[in-house]
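Residue numbers (my numbering): 24 to 141.
See below for the structure under consideration.
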Amino acid sequence: MKNRILTITLQPDWKAALRSAGHRARSRSYQGGVLNFESAGAFFAHLSERRWALVHALQGQGDMAVRELSRRVGRDMRRVHDDVQALAEIGLVERTASGGVVCPFGAVHIDMEIRAAA
């Protein structure tokens, strides 16, 4: 498994975030992945404490069955399955050909700044 890095950003201006991603994509070296949310509310709607626990349990473990993941975090398998689907939709985890799940990122960096409205 590659040591991929994901940076999560909070950027209300999605066009600026897209331009920034385009500049990074032109680089010859690996710049890491970026997942952008337009607001803190959108970030917390997608990434709850329980979903973070799943990501943490998956990091560096390779391919893992959802049943094993639910056992490791001590949660109901159906709820874990639902959360895995939500995490896969935003790209934080990936489903494997064997039906398992893997977190391809060795590190996740959250870069967000919340300021008072002007």
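Think of the CB as a built atom: it goes at the ideal place given N, C-alpha and C, for glycine as much as any other residue.
Going by beta carbon distance, what residues of the same chain come within less than 7 Å of residue i, once the five residues before and after it are set aside?
i       : result
Ala-114 : In the sequence on display, residue 114 carries Gly and not Ala. Around Gly-114: Leu-58.
Asn-26  : Gly-129
Ser-121 : Asp-86
Look at residue i and residue j and say whether their C-beta atoms are less than 7 Å apart.
i       : j       : result
Ala-63  : Ile-137 : yes
Asp-86  : Thr-32  : no
Cys-217 : Val-78  : No information on residue 217 is available, as it lies outside the stretch 24 to 141 that the chain covers here.
Assuming residue i and residue j make a contact with CB atoms under 8 Å, what is their CB distance in whole Å?
i      : j       : result
Thr-30 : Asp-134 : 6 Å
What residues in its chain sit with their C-beta under 8 Å from that of residue i, if we drop five residues either side in the sequence?
i       : result
Asp-99  : Ser-93
Arg-42  : none
Val-103 : Leu-77, Val-89, Leu-92, Ser-93 and Val-96
What residues in its chain sit with their C-beta under 6 Å from that of residue i, if we drop five residues either side in the sequence?
i       : result
Gly-123 : Asp-86, Met-87 and Ala-88
Met-24  : Caution applies to Met-24, whose pLDDT of 44 falls short of 50 and renders its modelled position unreliable; the value that the coordinates give is listed next. Here the set comprises nothing.
His-132 : Thr-30
Gln-82  : Cys-126
Inset, instruction - Report yes or no: do the segment 106–122 and the segment 67–77 share at least 3 C-beta pairs separated by less than 8 Å? - result: Judged by Cβ distances under 8 Å, the segment 106–122 makes contact with the segment 67–77, as three or more pairs qualify.
Inset, instruction - Inspect the CB distances between the segment 56–69 and the segment 88–103 and report whether three or more fall short of 8 Å. - result: No: fewer than three Cβ pairs fall under 8 Å.
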